[in-house]
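To keep things clear, I will list the structure first and then write my remarks on it.
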Amino acid sequence: MRIGAHVDPTDPLAEAAAREAEAVQFFLADPQGWKAPKPREDAERLRAADVDLYVHAPYVINVATLNNRIRIPSRKLLLGHAAAAAAVCAKGLIVHGGHVNAGDDLAVGFDNWRKTFAYAADSGGFPLPILIENTAGGDNACARHLDALARLWDALGDYEVGFCLDTCHAHAGGEELLGLVDRVKAITGRIDLIHANNSKGTFNSGQDRHDNLTGGTIDPELVVAVIRAAGAPVIVETPGGVEGQAADIAFLRGQLGATA
């Protein structure tokens with residue numbers, strides 16, 4: 001089981017070494033902006049590294065929305081980030097499930113996700129796995145609650161889609177962690193990546209506020225149980241920089257019997 005962390009994108013491999021991480025996740029552009037990613041000067045070094053790479057798409061991307069001014073650029077930006085992530089041999093591109101606005105039909109949001117994959121297919125398809133991530137908040141979200149996730153997966157049935165399970169988002173989103181892996185896999189058939197985070201927010205608070213694994217409002221043993229049941233690679237997106245994340249990685253290795 002490969003364990004790593006979300007790191008600063010300037011030198012991901014140095015960040016991995018500092019944490020004794022086997023995997024890293026990073027952004028390829030401003031996570032709050034709409035600029036397309038630029039080719040990386042260290043692309044060859046990243047491709048050759050014995051570290052698993054994951055790329056997180058910008059937070060602004062929302063392909064589900066009915067707002068054309070957001071949905072259409074979101075599709076283009078997602079495809080651009082997928083191409084840039086594939087160029088460094090990333091194992092997956094993580095993107096949040098998105099939402100529709102209050103009063104809009106959530107069914108249209110699910111169909112907009114289908115259209116996103118159809119849009120990509122017109123240019124040969126996504127060049128690497130797209131991992132849709134569950135989200136913590138919003139009453140009109142496409143991937144907060146499992147009933148919505150099931151509708152999303154039904155809409156995407158004609159396409160190969162991956163899933164990233166965030167433990168903080170699940171807890172804050174109102175999904176019990178006990179037995180969650182089985183419930184998710186009954187819908188998606190897979191879990192490709194775990195975002196192992198504790199939560200500053202309480203259960204069903206809707207607050208996307210990560211905490212270190214031995215802090216927060218989640219019993220750390222539940223996070224470990226999710227990881228063990230999923231059997232997927234792990235990325236911690238926890239605070240505290242190198243020290244905090246290295247401690248979280250060491251904690252997980254100690255609990256799971258893994259070694260760097």
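Mapping of the sequence shown onto the UniProt record's numbering: position 5 corresponds to residue 5, and the numbering continues sequentially without gaps.
The C-beta atom is built at its ideal place from N, Cα and C for all residues, glycine as well.
Report task. Work out the CA separation of Asn67 and Ala196 for me, nearest whole Å. Result -> 32 Å
Requested in this report: Name the residue from Gly173, Ser199, Cys168 whose alpha carbon lies nearest to the alpha carbon of Leu149.
Outcome: Gly173
Query raised in the report: In angstroms, rounded to a whole number, what distance separates the CA positions of Arg2 and Val184?
Result: 21 Å
**Report entry** Distance between Leu178 and residue 283 (C-alpha atoms, nearest Å)
**Finding:** Nothing can be reported for residue 283, as the shown portion of the chain is limited to 1 through 260.
Query raised in the report: Can you name the start and end residues of the alpha helix (DSSP H) that Asp219 belongs to?
Result: Where Asp219 is concerned, there is no enclosing alpha helix (DSSP H), given that its DSSP letter is neither H nor E.
Query - Collapsed DSSP secondary structure at Ser199 in the structure displayed - result: strand
Query raised in the report: Pick from Gly33, Asp50, Thr188: whose alpha carbon is nearest that of Val60?
Result: Gly33
Query raised in the report: Looking at the structure shown, is Ile249 part of a helix, part of a strand, or coil, going by DSSP?
Result: helix
Query raised in the report: So, Glu20 versus Val7, is the Cβ gap smaller than 9 Å?
Result: Not in contact: Glu20 and Val7 (Cβ atoms no closer than 9 Å).
Query raised in the report: Within this structure, are the beta carbons of Asp30 and Pro58 separated by less than 9 Å?
Result: yes
Query raised in the report: Leu46 lies in the alpha helix (DSSP H); which residues open and close that run?
Result: Here the alpha helix (DSSP H) through Leu46 covers 43 to 48.
Query - Leu28 versus Leu77 - alpha carbon distance - result: 11 Å
**Report entry** Collapsed DSSP secondary structure at Tyr119 in the structure displayed
**Finding:** helix
Query raised in the report: How would you write the range of the alpha helix (DSSP H) that His81 sits in, first residue to last?
Result: 68 to 87
Query raised in the report: For the candidate residues Gly240, Gly80, Ala136, whose alpha-carbon lies nearest to that of Ile130?
Result: Gly80
Query raised in the report: Do Ala23 and Leu53 come within 9 Å of each other at the CB atom, strictly closer than that value?
Result: yes
Query raised in the report: For Ala230, does the three-state DSSP call read helix, strand or coil?
Result: helix
Query raised in the report: Are the beta-carbon atoms belonging to Thr135 and His171 less than 9 Å from one another?
Result: No. Outside cutoff.
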